[in-house]
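Novice: Below you will find the structure I want to go over with you.
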Amino acid sequence: MAERDVQLPRRIHRLRTLGLAAGALPIAAVFYERGAAPATWIVLAANGFAWPHLAWLHARTSADPHRAERINLMVDSALGGLWVALMEFSLLPSVLLVTMLTMDKLGWGTRFLMRSSAAMAATCVATVLIAKTHVEPLTTMTEIVASLPLMVAYPIAVALAANQSGRLAREKRKAVEQTAALREQLAHIARVGTLGEMAAGLAHELNQPLAAIHLEANAALALGMQAGWDETRESLERISDQSLRAGDIVRRMRTFARRGQTGRERLALAPLVHEVLALLDHDLRHNSVETVIDLPASTAEVVADRVALQQVLVNLIRNAIEAMSVPAVATRRLAIRTEAHGSDVRVSVTDTGGGVDPAVRDRLFHPFQSTKAAGMGLGLSICQSLVEAHGGRVGAGPHPPGGALFFFELPAATASQVSGSQGSAS
Numbered sequence: 012m013a014e015r016d017v018q019l020p021r022r023i024h025r026l027r028t029l030g031l032a033a034g035a036l037p038i039a040a041v042f043y044e045r046g047a048a049p050a051t052w053i054v055l056a057a058n059g060f061a062w063p064h065l066a067w068l069h070a071r072t073s074a075d076p077h078r079a080e081r082i083n084l085m086v087d088s089a090l091g092g093l094w095v096a097l098m099e100f101s102l103l104p105s106v107l108l109v110t111m112l113t114m115d116k117l118g119w120g121t122r123f124l125m126r127s128s129a130a131m132a133a134t135c136v137a138t139v140l141i142a143k144t145h146v147e148p149l150t151t152m153t154e155i156v157a158s159l160p161l162m163v164a165y166p167i168a169v170a171l172a173a174n175q176s177g178r179l180a181r182e183k184r185k186a187v188e189q190t191a192a193l194r195e196q197l198a199h200i201a202r203v204g205t206l207g208e209m210a211a212g213l214a215h216e217l218n219q220p221l222a223a224i225h226l227e228a229n230a231a232l233a234l235g236m237q238a239g240w241d242e243t244r245e246s247l248e249r250i251s252d253q254s255l256r257a258g259d260i261v262r263r264m265r266t267f268a269r270r271g272q273t274g275r276e277r278l279a280l281a282p283l284v285h286e287v288l289a290l291l292d293h294d295l296r297h298n299s300v301e302t303v304i305d306l307p308a309s310t311a312e313v314v315a316d317r318v319a320l321q322q323v324l325v326n327l328i329r330n331a332i333e334a335m336s337v338p339a340v341a342t343r344r345l346a347i348r349t350e351a352h353g354s355d356v357r358v359s360v361t362d363t364g365g366g367v368d369p370a371v372r373d374r375l376f377h378p379f380q381s382t383k384a385a386g387m388g389l390g391l392s393i394c395q396s397l398v399e400a401h402g403g404r405v406g407a408g409p410h411p412p413g414g415a416l417f418f419f420e421l422p423a424a425t426a427s428q429v430s431g432s433q434g435s436a437s
């Protein structure tokens, strides 16, 4: 069993040992005052000294230590009911014992507390019926003095344990927040790196509308007043169209490189896929990749971060393009499809490349796992982190006609999410 799996049983073992050592004193005082039978003393000794170690062994050797500890705590409660009845309900020791057995179960949930309390009450009633004990709630000075360790030591121990648990919870929350921030920084660095790799293609894409604007402006100037208004208007319209095209290219680049989360919104996947394909248009044409898209209008929307999904799609599509860029691949076809998959929406990207190497298939989404000579092996790992942060999952598999299949699934937007997004938009 891993070290982290025995932390809970170890803490409860220490608390149980302290509680039984302190609790045995007032019980023993009551038995001494009332002349208990030897068998009762033997059972008390077994509960105080043998039981904590048996409970520790049970939890430590169990495949599910949390379940084992729940069983152990139920036994604790049952034994508590036994001692309350055998003490004939001596007031102070009984109250302290019940309080102790309630305090150490408060963090396990209301239902478990109710079940353990019922087990304590049932054992108490059964002991009264079997042992024919009666109610004598008087408490002597000997019993009061013997109860002092239980009144002082156990509440302090529970308070210290609660403080430690709270500190661990705060540290865990801080670690989760730091991990999310680091993940966002890493994703941003990866987006900037991807833009750097695409720089040549994006520069070419941007150069085309700028060159067209230059030529049309020169043509309009050359015609001057000799041309009619219709010819001049056509040139101006073409300049306007090309400037909008250049602006769209710059906007896509800025959106993709944006740092920090843009916030989750209700998204239709078809327009998002088209935006990414437009961003990668030069790479697709340069590598002679045929694109086939199947994006039914009936596909449910999702609530997600637009930039994060763009990054996932860019990574998966660029991986597919690179897999098909080798000369041995004659047919280069990229297929993107969206479909319902239970209560989720699945987006799949398939290619006709060489497929996934079986040697790395099980480690595809692990950090620093790459089949590329110059690859860092972070692309798919980042995809997995982004998708899982949205409550989805990502996976890969073979593509029967040849090539590879990568997909990610996201929960479909619910009616409340849709109405909430509309309210935010308004």
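In this note's numbering, each residue carries its 1-based index in the sequence shown increased by 11. Each residue gets a CB set at the ideal place from its N, CA and C atoms; glycine is no exception. No experiment lies behind these values; they were computed from the predicted model shown.
For chain C, check one thing: does any of its Cβ atoms lie closer than 8 angstroms to the Cβ of Met98?
Specialist: In summary, chain C is missing from the structure at hand, where a single protein chain is found.
Novice: Within 10 angstroms of its Cβ, does Gly30 collect 16 or more other Cβ (buried), or is it exposed?
Specialist: Per the 10 Å Cβ criterion, buried.
Novice: So if DSSP puts Thr134 in a beta bridge, which residue, or which two residues, is it bridged to?
Specialist: Looking at the DSSP assignment, Thr134 forms no beta bridge with any residue, so it has no partner.
Novice: Give me the Cα-Cα distance between Phe100 and Val109, rounded to the nearest whole angstrom.
Specialist: Taking the straight line joining both Cα atoms gives about 11 angstroms.
Novice: If you draw a straight line from the alpha carbon of Glu276 to that of Thr342, how long is it in whole angstroms?
Specialist: Their Cα atoms are separated by approximately 37 angstroms.
Novice: Looking at Met335 and Gly366, is the spacing between their C-beta atoms short of 8 angstroms?
Specialist: No; because the gap between Cβ atoms is not below 8 angstroms, this pair is not in contact.
Novice: Helix, strand or coil: which one does DSSP assign to His69?
Specialist: It is helical.
Novice: Could you check the C-alpha separation between Gly413 and Glu350 for me, to the nearest Å?
Specialist: Going from the Cα of Gly413 to the Cα of Glu350 covers about 21 angstroms.
Novice: Just to confirm the assignment, what range does the beta strand (DSSP E) spanning Thr150 have?
Specialist: Taken as a continuous stretch (DSSP letters only), Thr150 belongs to no beta strand (DSSP E), as it is neither H nor E.
Novice: Taking 8 angstroms as the threshold, find out whether the region 59-68 comes into contact with the region 111-128 through three or more Cβ pairs.
Specialist: The region 59-68 is not in contact with the region 111-128.
Novice: Could you compute how far the alpha carbon of Thr8 sits from the alpha carbon of Ala40?
Specialist: The structure shown does not extend to residue 8, since the chain spans only 12 to 437, so no value can be given for it.
Novice: Let me know if Glu301 comes out buried or exposed under the rule of 16 or more other beta-carbons within 10 Å of its beta-carbon.
Specialist: So Glu301 ends up on the exposed side.
Novice: To the nearest angstrom, how far is it from the Cα of Pro338 to the Cα of Ile332?
Specialist: So the alpha carbons of these two residues sit roughly 12 angstroms apart.
Novice: Distance, Cα to Cα, Ala472 vs Gln321?
Specialist: Outside the shown range of the chain (12 to 437) lies residue 472, about which nothing can therefore be said.
Novice: Quick check on Pro307: does DSSP put it in helix, strand or coil?
Specialist: Note: Pro307 maps to coil in three-state DSSP.
Novice: Check the C-beta distance from Arg348 over to Asp305 and give it rounded, since I have them as a contact under 8 angstroms.
Specialist: That pair is a contact at about 4 angstroms.
Novice: Quick check on DSSP: helix, strand or coil for Glu420?
Specialist: Glu420: strand per DSSP, three-state reduction.
Novice: Are there 16 or more other CB atoms within 10 angstroms of the CB of Pro60, so buried, or fewer, so exposed?
Specialist: The residue you asked about is not Pro; residue 60 is Phe in the sequence shown. So Phe60 counts as exposed.
Novice: Determine, using beta carbons only, whether Phe417 and Val398 come nearer to each other than 8 angstroms.
Specialist: Taking 8 angstroms as the Cβ cut-off, Phe417 and Val398 do not qualify as a contacting pair.
Novice: Should Ser309 be labelled buried (16 or more other beta-carbon atoms within 10 Å of its own) or exposed?
Specialist: Exposed, since its Cβ has fewer than 16 Cβ neighbours within 10 Å.
Novice: For Arg27, is the classification buried or exposed, using 16 other Cβ atoms within 10 angstroms of its Cβ as the cut-off for buried?
Specialist: The residue in question, Arg27, is buried, as its Cβ has 16 or more Cβ neighbours within 10 Å.
Novice: Using only alpha-carbon positions, find the residue among Asn58, Pro104, Leu221 that is nearest to Ala89.
Specialist: Answer by Cα proximity: Asn58.
Novice: My output table needs one value for Thr110: the three-state DSSP class, helix, strand or coil.
Specialist: Helix, per DSSP.
Novice: Output the boundary residues of the alpha helix (DSSP H) element that contains Asp294.
Specialist: 292-297 is the span of the alpha helix (DSSP H), which, as asked, contains Asp294.
Novice: Along the chain, where does the alpha helix (DSSP H) that runs through Ala50 open and close?
Specialist: Start and end: 49-56.
Novice: For Asp316 and Met131, what's the separation of their Cα atoms in angstroms?
Specialist: Whole-angstrom Cα-Cα distance: 51 angstroms.
Novice: Whole angstroms is fine: what's the gap from Arg22's alpha carbon to Ala70's?
Specialist: The straight-line gap from Cα to Cα measures roughly 11 angstroms.
Novice: Going along the chain, which residues of its own chain have a beta-carbon closer than 6 angstroms to the beta-carbon of Ala35, five neighbours each way excluded?
Specialist: Hits under 6 angstroms: Gly59.
Novice: For the beta strand (DSSP E) holding Leu278, just list the boundary residues, first then last.
Specialist: Counting along the chain, the beta strand (DSSP E) containing Leu278 begins and ends at 275-278.
Novice: Near Arg25, what residues of its chain come up, given a Cβ to Cβ distance below 6 angstroms and the 5 sequence neighbours on each side ignored?
Specialist: Cβ neighbours of Arg25 beyond the five flanking positions: none.
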